[in-house]
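S.K.:
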Amino acid sequence: MLAAARCIVYRDLLLALRRRSDVATALLFFVIVTSLFPLGIGAEPNLLRSIAPGVIWVAALLSSMLSLGRVFAADHADGTLEQLLLSSEPLGVIAAAKAFAHWLVSGLPLVLIAPLIALQYDLPATLFGVLALSLLLGTPVLSMIGAIGAALTLGLRGGGVLLSLLVLPLYVPVLIMGAGSVDMAAAGLAPDGQLLLLAALLIVAAAFAPWAIAAALRISVE
Amino acid sequence: MLEAAELECERGGRILFRGLSFALRGGELLRLAGPNGSGKTSLLRILCGLLSPTSGYVSWEGAEIRRLREEYSKQLVYIGHAPAVKDDLTAAENLAITCRLAGLAVSSRTIQHALDRFGLPHNPVPARRLSQGQRRRAALARLALSESLPLWLLDEPFSALDAEAARLTEETIARHVAHGATVVYTTHQEAKIEAAVARVIDLGAQA
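These protein sequence lines are chains E and P, in that order.
Here my numbering runs 1003 ahead of the position in the first sequence, where the first position is 1.
Here my numbering runs 14 ahead of the position in the second sequence, where the first position is 1.
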């Protein structure tokens, strides 16, 4: 079972490596959007510090969504998705591996670069850890929820817009908890509560999203 | 044994076929015939479980495939209309990944051997650079590695192939059937596949 999952992750990473521009687009989008705010608002450190968590999290949300369309669309177009559905392992395992690969390519880079972005907002260095941790817990949830949406809108005309309408409202709890944890830490309080809630969301998503993705894929391929 | 019972398929409000029943034992070859749009591909997709029939069921060794799911998928090879070849990967990488996902243990030597047999170049070029026929060959090379699987479902295996590759595919199918496997395929070309029991279902005549 793990062999098949590893094979999918390996394949998707290899494909991402061969098409580096796709990965770079999402990351650059994140960097540019987060850089626009300090430029637009100007040098007001207090304001920047207070909006930083929210802006970084919203940018992460949008950037993760930018690459969602590709999760299954390419596989659907060239027929490999049918082969995935007919693989020797349960479809849920394959779906989980696809979502994990999406996170490795589009979520993990955001976690790593977020502290650098936070510098532009004059966020104190003590908050970098909380910011990165909240993104580390939250972005996999975004990938999993997003993959459900991507599977449901597969092959639809105008699927991209529909996907964002479908998925963005579902991202709201992650956004509130993620940005909230950094805000708490900035106010000098312990962010544990929010982070634990994010972790709980991650566990629930990991348990149920793969099967939801699998069911959506079966419907879409028919 | 692959068994279809009272299959009915409706696509886009049109009934493609109704009351279709057949049973195939090992060593039997079934060709699905009929004009474009008569439901050949839909029937193949129903047989491999990608599509659920409007009514009726398909069973494998006496159990419904809907319940078997991946236990059934493990037994079959489905080659669809699209070659299922990733443009950015080489033919060898494509083949290795497809086989590993199908649960077949393959080494790089057996993969090279299969690619050789289907006359694909050794140099690692991405599939994007291959011609339409070569991609088709890359997809069919999987057959050379799937001789242990008792059921092959092939949708238009001969399209875009040149005479030599078509003959090679015919031979591969004939050998597999002779070894006691079941093969279902669709084609518009006249294919000469020798088999002890060769049956034809004409979906055009059905409707």
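From the three backbone atoms N, C-alpha and C, an ideal C-beta is built for every residue, glycine too.
By DSSP's criteria, residue 31 of chain P is part of a beta bridge. Which residues make up the other side?
M.R.: Answer is P:23, bridged to residue 31 of chain P.
S.K.: Nearest-angstrom Cα distance between residue 24 of chain P and residue 32 of chain P?
M.R.: C-alpha separation (whole angstroms): 9 Å.
S.K.: Is residue 1170 of chain E near residue 1204 of chain E, with beta carbons less than 8 Å apart?
M.R.: Cβ atoms of residue 1170 of chain E and residue 1204 of chain E: not closer than 8 Å.
S.K.: Determine which residues of the region 93-117 of chain P have a Cβ less than 8 Å from any Cβ of chain E, and write them out in chain order.
M.R.: Flagged, chain order: 94, 95, 96, 97, 98, 99, 100, 101, 102, 103, 107, 111, 112, 114, 115, 116, 117.
S.K.: Whose Cβ in chain E lies nearer than 7 Å to the Cβ of residue 61 of chain P?
M.R.: Neighbours of residue 61 of chain P on chain E: none; closest Cβ ~11 Å, over 7 Å.
S.K.: Find the residues of chain P that neighbour residue 1083 of chain E, judging by a C-beta separation of less than 7 Å, and give them in chain order.
M.R.: Those are 98, 100, listed as they occur along chain P.
S.K.: For a contact meaning CB atoms closer than 8 Å, what does residue 1092 of chain E contact in chain P?
M.R.: Correct list: 84, 115, 117.
S.K.: Give the residues of chain P in contact with residue 1224 of chain E, contact being defined as C-beta atoms less than 7 Å apart.
M.R.: Near residue 1224 of chain E (Cβ distances below 7 Å), the residues of chain P are 64.
S.K.: Measure the C-alpha to C-alpha separation of residue 196 of chain P and residue 162 of chain P and round it to an integer number of angstroms.
M.R.: Taking the straight line joining both Cα atoms gives about 12 Å.
S.K.: For chain P, check one thing: does any of its Cβ atoms lie closer than 8 Å to the Cβ of residue 1023 of chain E?
M.R.: Output row for residue 1023 of chain E: interface = no.
S.K.: May I ask you to list the residues that DSSP assigns as paired with residue 198 of chain P?
M.R.: Note: residue 198 of chain P sits in a beta bridge opposite P:44, P:167.
S.K.: Would you list the one or two residues that DSSP bridges to residue 140 of chain P?
M.R.: Answer by DSSP bridge pairing, in chain order: P:104.
S.K.: Rank P:156, P:52, P:102 by C-alpha distance to the C-alpha of residue 116 of chain P and give the top, closest one.
M.R.: Of P:156, P:52, P:102, the residue nearest in Cα terms is P:156.
S.K.: Taking the beta carbon of residue 1191 of chain E as the centre, do at least 16 other beta carbons fall within 10 Å, making it buried, or is it exposed?
M.R.: So residue 1191 of chain E counts as exposed.
S.K.: Expressed to the nearest angstrom, what Euclidean distance is found between the alpha-carbon atoms of residue 77 of chain P and residue 19 of chain P?
M.R.: One C-alpha to the other measures close to 12 Å.
S.K.: Does DSSP put residue 92 of chain P in a helix, a strand or coil?
M.R.: Strand.
S.K.: Measure the C-alpha to C-alpha separation of residue 147 of chain P and residue 125 of chain P and round it to an integer number of angstroms.
M.R.: Going by the C-alpha atoms only, they are around 19 Å apart.
S.K.: Thinking just about the alpha-carbon of each residue, which of P:88, P:165, P:138, P:172 is nearest to the one in residue 153 of chain P?
M.R.: When each option's Cα is compared against that of residue 153 of chain P, the closest is P:172.
S.K.: Given residue 211 of chain P, which residues of its chain have a CB within under 7 Å of its CB, disregarding the five upstream and five downstream residues?
M.R.: For residue 211 of chain P, where only same-chain residues beyond five positions count, the Cβ hits under 7 Å are 41, 42, 43.
S.K.: Between the region 125-141 of chain P and the region 56-68 of chain P, do three or more beta carbon pairs fall short of 8 Å?
M.R.: Contact between the region 125-141 of chain P and the region 56-68 of chain P is absent, because fewer than three Cβ pairs lie under 8 Å.
S.K.: Hey, residue 968 of chain E and residue 1068 of chain E: beta-carbon distance below 8 Å or not?
M.R.: Residue 968 of chain E is absent from the model: chain E starts at 1004 and stops at 1225.
S.K.: So, helix, strand or coil for residue 83 of chain P, using DSSP?
M.R.: Reduced to three states, the DSSP call for residue 83 of chain P is coil.
S.K.: Please state the DSSP three-state secondary structure of residue 216 of chain P.
M.R.: Note: residue 216 of chain P maps to strand in three-state DSSP.
S.K.: Give me the chain E residues within the contact set of residue 88 of chain P, using Cβ-Cβ distance strictly less than 7 Å, ordered along the chain.
M.R.: 1091, listed in chain order.
S.K.: For residue 1026 of chain E, which residues in the same chain have their Cβ closer than 6 Å to its Cβ, ignoring the five residues on either side in sequence?
M.R.: If we look at residue 1026 of chain E and ignore the five residues flanking it on each side, its Cβ neighbours are 1019, 1108.
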